[in-house]
Amino acid sequence: MQLCFGQAAAATCAARRPHARKTEAPETGKPACEKGKMRLLLRIIGTTLLAAALILGILDGTRSLGSNALVITSLGATWEAIHAPSLAALHGFLDTRFFGALLEGVIDSVLGFPAWAVLGVPGAVLAWLGRSKRTRVFVKQDQI
49 MQLCFGQAAA ATCAARRPHA RKTEAPETGK PACEKGKMRL LLRIIGTTLL AAALILGILD
109 GTRSLGSNAL VITSLGATWE AIHAPSLAAL HGFLDTRFFG ALLEGVIDSV LGFPAWAVLG
169 VPGAVLAWLG RSKRTRVFVK QDQI
């Protein structure tokens, strides 16, 4: 049995073993090992955002239990508690720009949303986009 290594041997390997795994992605021509790097990055960012959203949701739940009322912390209040100068810098940046008047209302409405939702929704979308593609396996009724 002869082993195939490298790009030069890939063509001869593919001719002898058509069922073998391809060394290059057919649509890009890049090596197959580089194909899933974007998906990995999306999964990492999505999972990090989901973890932060879970922590913020637990904080809101704990505050709600402590006060016997529903407590929902907005993104603006959370951002101000974590690092108030950067929130002031964002408002200062928008005041000095031409498009600042347009975006001021949008930014204020986003800052009014619950912090866990603002991080959780994009996190879920990014994690979903970064999921690994699964092939469907069809099973006959006799095999069950």
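Residue numbers (the numbering used here): 49 to 192.
Built from N, CA and C at the ideal position, the CB exists for glycine as well.
Since this is a predicted model, take the numbers as computed values, not measurements.
With 16 other CB atoms within 10 Å as the buried threshold, where does residue 135 fall? buried
Can residue 121 and residue 170 be called in contact, C-beta distance under 8 angstroms? no
Euclidean distance between Cα positions of residue 142 and residue 149: 7 angstroms
Tell me the DSSP secondary structure of residue 122 in three-state form. strand
Determine contact between the segment 83 to 91 and the segment 101 to 114, defined as no fewer than three beta-carbon pairs at a distance below 8 angstroms. no
State buried or exposed for residue 166, treating a residue as buried only when at least 16 other CB atoms are found within 10 Å of its CB. buried
Do residue 95 and residue 172 have their beta-carbon atoms positioned less than 8 angstroms apart in this structure? no
Taking residue 204 as part of the alpha helix (DSSP H), name the residues at either end of that continuous run. No statement about residue 204 is possible, as the shown extent of the chain runs from 49 to 192 and does not include it.
Whole-angstrom distance between residue 164 and residue 129, CA atom to CA atom: 15 angstroms
Residues near residue 49 by beta carbon distance below 7 angstroms, same chain, minus five either side: Here residue 49 scores only 47 on pLDDT, less than 50, and its place in the model should not be relied on; the value that follows carries that caveat. Here the set comprises nothing.
Under a three-way DSSP split, which group does residue 91 fall into? helix
Measuring only the C-alpha atoms, how far is residue 155 from residue 183? 41 angstroms
To the nearest angstrom, report how far apart residue 177 and residue 131 are at their CA atoms. 30 angstroms
Give me the Cα-Cα distance between residue 127 and residue 168, rounded to the nearest whole angstrom. 16 angstroms
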